[in-house]
Structure formats: C-alpha cells, structure tokens
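Peer 1: I'd like to ask some things about the structure below.
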Amino acid sequence: MKRVVLACEVNGARITAEVEPRTTLADFLRDALAFTSVHIGCGHGVCGACTVLVDGRTRRGCTTLAASAHGRRVETLEGLSDASDPVIAGLQRTFLDHGGLQCGFCTPGILLAARELLARQPAPDRAEIREALAGNICRCTGYGPIVDAIAAYVAEQAE
Amino acid sequence: MTGHPAPGLRWRRLLAGRGRYLADLAVKGAREAVFLRSPHAHADILSINVTAARDAPGIDAVFLHDDLSKVLKPWRGTHGLFPGMAAPEQSALAGKRVRHVGEPVAIVIGESRSACEDALELIDVDYEPLPAVGDIEAALAEDGVPIHAEAPGNVCLEAEKRSAGVDAAFAAAELVVEAEFCFGRHTGIPLEPRGLIAEYEPGEGSLTVHHSHQCPAAMQEAFAELLGLDAHRVRIVCPDVGGGFGIKQQVYADEMAVAAAARLLARPVRFVADRLESMASDIQARHHRVRGRLALDRAGRMLAMDADDIHAIGPYSQYPRSSAGEGRAVLSLTGAPYALDEAAARSRAVFTNMGMSGHYRGVGHPIATAVTEGLVDLAARQLGADPWDLRRRNFATYGKDCAPSALGVSFEHLPFAACIDVLEAHHPRDALHAWRGAARERGLLAGYGLAVFIEMTARGPAFYGDGNVRISTRDYCTLRLEPNGSIAGHASVTEQGQGVETGVAQIVAETVGVPLDKVRLVTGDTDSAGHGGGTWGSRSLAIGGSAGAEAARTLRAEIVEIAAGLLQRVPAELDIQDGEIVDQNGPSGLGLAEIATLAHFRPHELPGGCQPRLVASASFGPLDAPFRAGCGVQLSCVEVDPETGLVRPVRHAVAHYCGLVVNPLLVDGQFKGGVAQGLGAALTEELLYDSEGQLLTGSLAEYRVPMAVETPDITVHHVHLPGEDNPDREALPRYAGVGEAGTVGASAALLNAVNDALAPESAALWRIPASPQRVLAALDPEE
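First to last, the sequence lines map onto chains A and B. Heads up: the first sequence runs through residues 6 to 164, numbered per the working numbering. Heads up: the second sequence runs through residues 44 to 826, numbered per the working numbering.
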C-alpha cells in the first residue's frame, strides 16, 4: 500500500516517518514509537482509553489518522509523566490515595481528560468533573473514586 | 498492614502509563492471527475456498477445522455431578456447521493484523442458512429448531430442588405474590480485550502462552489436555490484565485455535480481539426468565418461595466449568436470606444460537437476589408493610447449630440484621421518605429500593472437584527471606486490577512483621507459583490470603528461631516488628537484614549447626465448608422521568459483612465497581439478538455501559462483629470474598427502587434493563 510522509512532534521529539494512509494515530504511537500508554479499548471512539493530546487538545487516537498529525504536536501520558507536568503529577498522587484506578487500562485517558478539564476550569464541582469524563469508560471503579481523586486535587490547589 | 487502606502495589506504574498489557508485549518474530467468523447464527458450511487468502501478501497460513484437528482435540463441557447434562462436542473452528454469529471458521496468520484482515476478504465460504434459535421462547418451542441432534428439546440441563411441603404451603397461604422476572443478556466488557501470544517449542514439547487471563493454572490444564501436551511443559504467564470480571476466566475456541496454530507453525502467534469480535465472542451471561412466587401469612411472616428459571445459554455448554453455574446459584440462593418453611427452585439451561455463555461477575447470584427481593417488595406493597420491617422480621438465623435454608444450603453465621441496622443508621427511612416526597412534588416519580444479598465466596472442592472438573479451589504461596532481609515470593492469586496481590502482601507483611515495602510477590506465572485457582468466585483474598498467612507464619517461625539462637533466648520471648527482632523490653538490636546476611553468606556462624531453609510454602483451600459466605443490604434511590421514562439513579449505598477487612480502600473499590456493573445491567446494558440470531449490539455505542455522569456516588459501610478486629494470631483469620458482592445486589435494589417510584401510578416493571421504553410501557400499557 502507498505510504505518506508524516512529520510531527511527539512527546517533545521531532519525528519523521512513512505510514500507510489507513494507519491510526493510536497504532502509530504504539507500534512505531512504543508509546503504549495509548490503549485500544474499543477501536471505534467510544471508550477513551486511546486519548492523546494533539496541539494540546484531547483526541481519540483510534479514530484519528496518523497522517492527520502531520505538522502537529502530539503528546501521550508518557510525555507528561515523571513530574514534567505538575497537574499530571498531582493527579497521579491523588488517584493513588483515593483508589482512582484498578486495572489501569482507562487511566491514561482519564488523566488526560482530567488535565484538560482543569486547564479550562480550575475549580470544577463533582458534577462538572463527571461531565468532563463523559468520553471515558472505566469498568472497574464505578467512577466515584476517580471523581474523589480529581476533587481532592482541586481541593489541594485551593489551599 | 491489614486494615490499612494501602494503594495497589501496581498503581504507581499504571498511573504513569507504564502498564504492560498483552498487546504491549514485544515477542521477536510474533505473527498476528485474525479470525474469519460466522455471519450466520445457524448454517451449514457447504464449502470454503482459502486459496487466494493463502497466497495473499504477508500471509503465512490459513487454517480450517481439519487443519487444527491434527493437533487439537474437540471438547465437551460436561460436569460429573450432572450426568444428564447435554454437552455437545465443540471445536476451535467450526467444521460442517456454525451455531452462533461470531463463531470462528478460519484463522489467518500473517505479518500484521492489517495484512490478515485484507486476506480475510479473499476467503470464500458457501453457507446454507438454517432456522435459528434467537430467544428463550424459540429454544423451548414445540416445533423449535434443535441445535444439536443429541439435545432435541434444546435443554442443556434441568435441575430442581423442592422441599416436601412446598405445594401445601402455597395452597394454604393467606397471601401469595407472583411475578415473572426477565433479565437481559449481559457481558462483562473488560476494557482490555482478550488476547494471547502462544509459542510452541517442538524440541521440548513445550508451550508458553502469555495470556490476558484470570486463571493461568486452569489454562495450563486446558492447553495441555486439548493439545496433547504434558501440563508441566505448559507455561502460562499473565502480564498486566486490563479487567476480567469472569470474561477472562474461560476457555475460548479462538484462543485454542491460536495455540494450535502456534504449534503447527512453530512460531509465536499473537491474537488480540477487537471490540466487535469481543461483543460476539466474549462469554455472555444472565439471560434468564424466572417465574417467582412468595407465600406469606397476613401478619407478614414469609412461609414459602419458589422460582422457575429458564436460562438461555449459547450453543454449547462452557468448557471446562460447564453451564451449570448460574442455575445452581438460583437453586441455592432463592429466598435464602429469609426464614422460610418451604421452598422450591427449578432451573433449565437451554441452548440458543446466541453467543457462548459463561461466568460473569456474580454468576447467577444477581438473578436469585432480584427475584427474591422483588417478591419481598411486592409482598410489602400488598400487605401495606414497610420494606425494612418486613425484611427484619423474616431474616433467617444461620450458623453452626442452625438448620440449613429451606433449599437445604447450610450457611455460616450471617449478620443480616446488623447490616440492615447499619444501613438504616446511615440512611434513615424518614430522610428517604422526605427526599422521595420532595421529588414527587417536583413532578418526578421517585423511589428507593432495598436488596438483601448473600454472596457465596471462596468455594471448596465440592463442586468442581467432585464433578471431575480440573479447576483448583486452592491457592499457593512461597515466601523467601532474601539476603537484604526482605521477603520475596510467588503466589497463585492473579491480578486484574482488584488489588489481591496487595492484600496478600499486606497479610504476609503483618504476619512476618515487616513493612509492606519489604514484601514483593510475583503472581500470574505458572512456572513460579504452585498450582492454584486464580481469580473466580470471589475467592482470591480469602483463599490466597490464607495461603500467604500460612507461609508467612512458617517463615517467621524460622526467623525467630534463628534470632533466638543468636540472642541466646527462647523463641517464645521474641517477636518481629517492623523488620526488627523485639522482646518484651523493645528492640533487641537485631534486624532481619543482619539475620539474612548471616544465613545466606555466613551460615556456619549460626548456632546449632543447622541448615537454614529461608523459604516456606503453603497451599490452602477450604476443606470444611463448601464456601464462605458474606452478606449485606443495598439501597438504591432513583428518580424516574414520567415523560421520557428515563431512570436516574441518584444514590446507592451498601452495608456489608465480609469478615476481616484487610484493605478498606480495595474492598470499597470492589463494591463500588461491582455496584456500577449491577446498575449498568439494570439500566442500559443488554446484548440484543434478533429472532434470526443476529447480534444487534456489536459496539460500545450500542451495548451501553455506565458512564461517569449516570453513575451515582456509591457509599460502602463495613459491618464488624464483636471481637473480629483482634484475631488470634495463631488461628487463620476469617476472610470472605467481596469481588462480586456489589454486583450481586445492585440490580435488585435498583429494580425495587424503580417499582417504588412507579407504585403511585399503579405500574410495575419486572424486567432489566429498565430502559426508557420499558418504563414508559409499564406506565402506559395501552400505548
């Protein structure tokens, strides 16, 4: 199959690659670059486990073509971990304390969705937090502990 | 330590996106497998042409039924306790006939998933469609289509329990309430789909399978048996597993085909299901229709209950556990929380041309609970009794010296009354009535519902063992004192996120007397852990934790003995606390690191000239009781919009008893997640098939699991019995499992809440999911 050139920034590094036009961004990030925090839960844009940031905004990696990231800045949870992003670092801490995860498969997507919410609305209430998670399925926790963890981070910031 | 809300030991890594799930594993030279699946629910295969697919670029092989049968046996899901059960032969790939949509017909192996998918389109299958059984009625219809010649009436298994006087009790009763309950077909949806990588080494006759699975030891048995290999040369390794819920407890035809293909090719073969094939091929569950009756006297004393259950399985009995499990729960638990004089239950599992059925979180418990509790609320309404009071006055008393339930099941002491008292103390009925009244004034229908539940956890060998099914009800733990004074070991419990690894490590840490971070347990690898059951039936912590405690006690005893020699003391005067040897005066100055250094590197300096062992193993499983039971009461509060029929759960609470709570954070997590799955089952989740057996819900857009917005806050209240928080250190503590308890009662409580909301309109609904259409139909049957 014909390939197209893809040049973009992924987690701070300049990347140039050739991809099939049908390759999804999630598959490209996982298979070519080994950013395996991008999880394929449904492959049809419902569950949010493949959430990544494109030019700072959350996108579904499974329904975004890799070629469409040409010239853009792509980030995955790997690029925001290791304390490089204070919001993610804070959320990782409160998720740990409140049991905001179990199997961890939805967790990267949830963290990125929460970070986007907090950038938009630094002091969300519980209903706003739940609303912001409307694109992410968690099958383990029943969501309450995730909401608790995000609310605890918000409370810490208010202190 | 136990009782402490320690976070899961894998969580820091998972929170950094550093989980290693099956699809993340790099295996040099691994080929991808993709399946051609049947588009028909029931059809004869007249011919298959794979020539073009085999020649397609990047394709190594295309295998059909006869190719795999050279190395792979077919199987039957029999159970020795049910010799009358119909268990037709099943094979990894369909041979002459397909019996459900999604049944694997061909496996394509190639360099990439996309190359294999391209090749799939080149396979030409000529099907002759047959009439299909697409629902419960069709399975039992007089002129119904028989799915198997050996089961002409489509009945897989019929089982019944009936106390002697049940008919007379109903005939003489002052009040009999009756309803027909319908349960949608559900599945578990672990967010990580099923998957495996199989590698066969012909030089050793060995098979290694990296497997997203809950029960690696059971799979070792199954792969060995069906592939004709020595079980001790079969290794199953479970990486991080993204949820299980019973879905990853089974033997799957497609997974067997992957192992057979790996054997034929002598190359590693990987298969990861996509969501569409998960919807069609993951096991399905809970598709029941139950006619239930409850007899009472006018004063509100419950006298008798009966349930007549029809359970739609798929086209085969599940191998190796069989399809007896859900019906067995109905036969064990109907009416069980209450002191009944008489009871009867009958369950019929019927074959259909729908997807395979198996064990999803709760296995039949949610059915028995919803029927029982629905009937209790129906009786309360007819009697004008309060649902709290009616339950309280009828609770059964169980225990060592008490009679079994009316269906003949003996339970341990179950503190129903303590649970309902704790629940009501936190959620007083006056406040509930005030909330309900206010919502009704706002034009909403509002109601609350209770559900008393029993969960039979941590089973002993009386079901699988006695039924000649090779499923272990034991767990195993080995612990070593490492040279740095820490404790490392292996356990046969397995982790899918629930945190059992953390719970067992807490028990080990406390029993030995070291901080939690000095314990490291490796799980999920049959090459290192002894044979054990893994995750099913809410068993892991209760059984695996007991094995861990036993091994830890033995290792601690040796450490104390070595310390006593070094300190010239008697062992009984010494203890280990926080990794230090202490006596009644405090720290002795000797720590585990010093003892371990001596024992590993200068053992000749140890007094007495003995060989240090520094390792202890234990295997544990219940021998004295068929199961350990937990119990509790759930409360659901809902608002129903009379215009749209939408049910909105606004609050959910659980008061439960599970013996000793090892880790409240993880126990709460099990309840909250379990309740959410039960609420999903009651509100939105349903696998729909049309009458031709076509699956209509092939994606997560159609099979709707709960999202954050529609899931209420769930509160969990632990009920403790006096004396239990200070267990005897020398006796095994009493743990009951909690993995399924949330799911067991949640649908029942929600359905009761919906009916409480509908009651002022003289409407009732006994079907889940309680979708808007069904609620509207219940409100206006004429529409």
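Glycine included, C-beta positions come from ideal geometry on N, C-alpha and C. All values derive from a computational prediction rather than experimental measurement.
1) When we look at the beta-carbon of S814 of chain B and count the other beta-carbons within 10 Å, is it buried (16 or more) or exposed?
2) Does the beta-carbon of F33 of chain A have 16 or more other beta-carbons within 10 angstroms, so that it is buried, or is it exposed?
3) Identify whether K291 of chain B lies in helix, strand or coil by the three-state DSSP scheme.
4) Using alpha carbons as the reference points, say which of B:N92, B:V406, B:D98, B:C680 lies closest to Q292 of chain B.
5) Just to confirm before moving on: does the CB-CB distance between A505 of chain B and C520 of chain B stay below 8 Å?
6) Which residues share a DSSP beta bridge with A672 of chain B?
7) Who are the Cβ neighbours of D618 of chain B in its own chain at under 7 Å, not counting the five residues just before and after it?
8) Roughly how many angstroms separate the alpha carbons of L609 of chain B and E553 of chain B, rounded to a whole number?
9) Between the region 508–524 of chain B and the region 575–589 of chain B, are three or more C-beta pairs nearer than 8 Å?
10) Which partner residues of F78 of chain B appear in the DSSP bridge assignment?
11) Can you check which of these residues, B:V797, B:Q677, B:W809, B:R389, is closest to L466 of chain B by C-alpha distance?
12) Does DSSP put S589 of chain B in a helix, a strand or coil?
13) Which word fits Q327 of chain B, buried or exposed, when buried means at least 16 other C-beta atoms lie within 10 angstroms of its C-beta?
14) Hey, does F33 of chain A have any beta-carbon neighbour from chain B nearer than 8 Å?
15) Rounded to the nearest angstrom, what separates E203 of chain B and E180 of chain B at their Cα positions?
16) Would you mind telling me which residues of chain B sit closer than 9 Å to L83 of chain A, beta carbon to beta carbon, in chain order?
17) With 16 as the cutoff for other CB atoms within 10 Å, does P147 of chain B come out buried or exposed?
18) In terms of DSSP beta bridges, what is K13 of chain B paired with?
19) Need the endpoints of the alpha helix (DSSP H) that H761 of chain B sits in, please.
20) Whose Cβ in chain A lies nearer than 8 Å to the Cβ of S742 of chain B?
21) Closest Cβ-Cβ distance between T112 of chain A and chain B: below 8 Å?
22) Distance check for A792 of chain B and L218 of chain B, CA to CA, integer angstroms please.
23) Between the Cα of S375 of chain B and the Cα atoms of B:V681, B:A129, B:R389, which residue gives the shortest distance?
24) Suppose the cutoff is 7 Å on Cβ atoms and the five residues either side in sequence are ignored; what does the same chain contact list for V24 of chain A look like?
25) I want to verify the contact list: residues of chain A whose CB lies under 8 Å from the CB of P50 of chain B, in sequence order.
26) Once the 5 residues before and after T377 of chain B are set aside, which same chain residues still bring their CB inside 8 Å of it?
27) May I have a chain-ordered list of the beta strand (DSSP E) segments no shorter than 3 residues that lie completely inside the region 291–331 of chain B?
28) Hey, V849 of chain B and D711 of chain B are a contact pair by Cβ (cut 8 Å); roughly how many whole angstroms apart?
29) Could you tell me how far apart the beta carbons of Q539 of chain B and C143 of chain A are, in whole angstroms, since I believe they sit closer than 8 Å?
30) Threshold first: 4 residues or longer. Then list the alpha helix (DSSP H) segments lying entirely within the region 663–732 of chain B, N to C.
31) Looking only at C-alpha atoms, which of B:D568, B:P409, B:A800 sits nearest to A494 of chain B?
32) Grab me the residues of A66 of chain B's own chain with a C-beta within less than 7 Å of its C-beta, minus the 5 sequence neighbours each way, in chain order.
33) Say whether chain B places a C-beta atom closer than 8 Å to the C-beta of E136 of chain A.
34) Specify the secondary structure class of M348 of chain B as computed by DSSP and reduced to three states.
35) Tell me the DSSP bridge mates of S448 of chain B?
36) Between S206 of chain B and chain A, is any beta-carbon pair separated by less than 8 Å?
Peer 2: The answer reads as follows:
1) As a position in the second sequence, residue 814 of chain B is number 771, starting the count at 1. Buried, by the Cβ-count rule.
2) For the purposes of this step, residue 33 of chain A is taken as the residue at position 28 of the first sequence. F33 of chain A comes out buried.
3) If you number the second sequence from 1, residue 291 of chain B lands on position 248. Helix, per DSSP.
4) Translated into the one-based positions of the second sequence, residue 292 of chain B becomes position 249. Residue B:V406 is the option with its Cα nearest to Q292 of chain B.
5) On the second sequence, position 462 is the one that residue 505 of chain B refers to. On the second sequence, position 477 is the one that residue 520 of chain B refers to. In this structure, C520 of chain B does not lie closer than 8 Å to A505 of chain B by Cβ.
6) As a working mapping, residue 672 of chain B is identified with position 629 in the second sequence. A672 of chain B pairs with B:M499.
7) For the purposes of this step, residue 618 of chain B is identified with residue 575 of the second sequence, where counting begins at 1. Closer than 7 Å at the Cβ level, and outside the excluded window around D618 of chain B, lie G556, V625.
8) Indexing the second sequence from 1 puts residue 609 of chain B at position 566. Indexing the second sequence from 1 puts residue 553 of chain B at position 510. Cα-Cα distance, rounded: 23 Å.
9) yes
10) Residue 78 of chain B sits at position 35 when you count from the first residue of the second sequence. According to DSSP, which records beta bridges pairwise, F78 of chain B is partnered with B:I150.
11) Residue numbering aside, residue 466 of chain B sits at position 423 when the second sequence is read from its first letter. When only C-alpha atoms are compared, the closest one is B:Q677.
12) By one-based count along the second sequence, residue 589 of chain B stands at place 546. Correct three-state label for S589 of chain B: helix.
13) Within the second sequence, the letter at position 284 stands for residue 327 of chain B. The residue in question, Q327 of chain B, is buried, as its Cβ has 16 or more Cβ neighbours within 10 Å.
14) For this step, residue 33 of chain A is matched to residue 28 along the first sequence. No, because no Cβ of chain B sits closer than 8 Å to the Cβ of F33 of chain A.
15) Walking along the second sequence from the start, residue 203 of chain B turns up at place 160. Walking along the second sequence from the start, residue 180 of chain B turns up at place 137. Near 20 Å, if we compare the C-alpha coordinates of E180 of chain B and E203 of chain B.
16) For the purposes of this step, residue 83 of chain A is identified with residue 78 of the first sequence, where counting begins at 1. According to the sequence displayed, residue 83 of chain A carries Glu and not Leu. A59, G60, R61, listed in chain order.
17) Counting from 1 along the second sequence, the entry for residue 147 of chain B is found at position 104. Classification for P147 of chain B: buried.
18) Any question about residue 13 of chain B goes unanswered here, given that chain B covers just 44 to 826.
19) The sequence position of residue 761 of chain B within the second sequence is 718, counting from 1. Run containing H761 of chain B: none in the alpha helix (DSSP H); it sits in the beta strand (DSSP E), 757–761.
20) Within the second sequence, residue 742 of chain B is the residue found at index 699, counting from 1. Within 8 Å Cβ-Cβ: C47, H49, V51.
21) Locating residue 112 of chain A in the first sequence gives position 107, where the first residue counts as 1. Output row for T112 of chain A: interface = yes.
22) Translated into the one-based positions of the second sequence, residue 218 of chain B becomes position 175. Translated into the one-based positions of the second sequence, residue 792 of chain B becomes position 749. Taking the straight line joining both Cα atoms gives about 23 Å.
23) The sequence position of residue 375 of chain B within the second sequence is 332, counting from 1. The residue with the shortest Cα to Cα distance from S375 of chain B is B:R389.
24) As a first step, residue 24 of chain A is located in the first sequence; it is residue number 19 there, counting from the start. Around V24 of chain A: R8, V9, L11, F33, A71, A72.
25) What you label residue 50 of chain B is simply residue 7 of the second sequence in a count that begins at 1. Residues of chain A passing the Cβ test: L101, D102, G104.
26) The residue you call residue 377 of chain B lines up with position 334 of the second sequence. Result list for T377 of chain B: G335, M348, D349, A350, A386, A388, A411, V414, T415, L450, in chain order.
27) 312–315
28) Outside the displayed span of chain B (44 to 826) sits residue 849 of chain B, for which this structure offers no information.
29) Counted from its first residue, the second sequence places residue 539 of chain B at position 496. Counted from its first residue, the first sequence places residue 143 of chain A at position 138. The pair is not a contact, with the Cβ atoms about 14 Å apart (cut-off 8 Å).
30) 707–726
31) Taking the second sequence and counting its residues from 1, one reaches residue 494 of chain B at position 451. Here the closest residue by C-alpha is B:P409.
32) Start at 1 with the first residue of the second sequence, and residue 66 of chain B comes out as number 23. For A66 of chain B, where only same-chain residues beyond five positions count, the Cβ hits under 7 Å are G238, V315.
33) As a position in the first sequence, residue 136 of chain A is number 131, starting the count at 1. It does: the Cβ of E136 of chain A has a partner Cβ on chain B nearer than 8 Å.
34) Translated into the one-based positions of the second sequence, residue 348 of chain B becomes position 305. The answer is strand: DSSP assigns M348 of chain B an E or B state.
35) For the purposes of this step, residue 448 of chain B is taken as residue 405 along the second sequence, with counting starting at 1. Answer is none; S448 of chain B lacks a bridge partner.
36) Position 163 of the second sequence, counted from the first residue, corresponds to residue 206 of chain B. No, S206 of chain B lies away from the interface with chain A (no Cβ there is under 8 Å from its Cβ).
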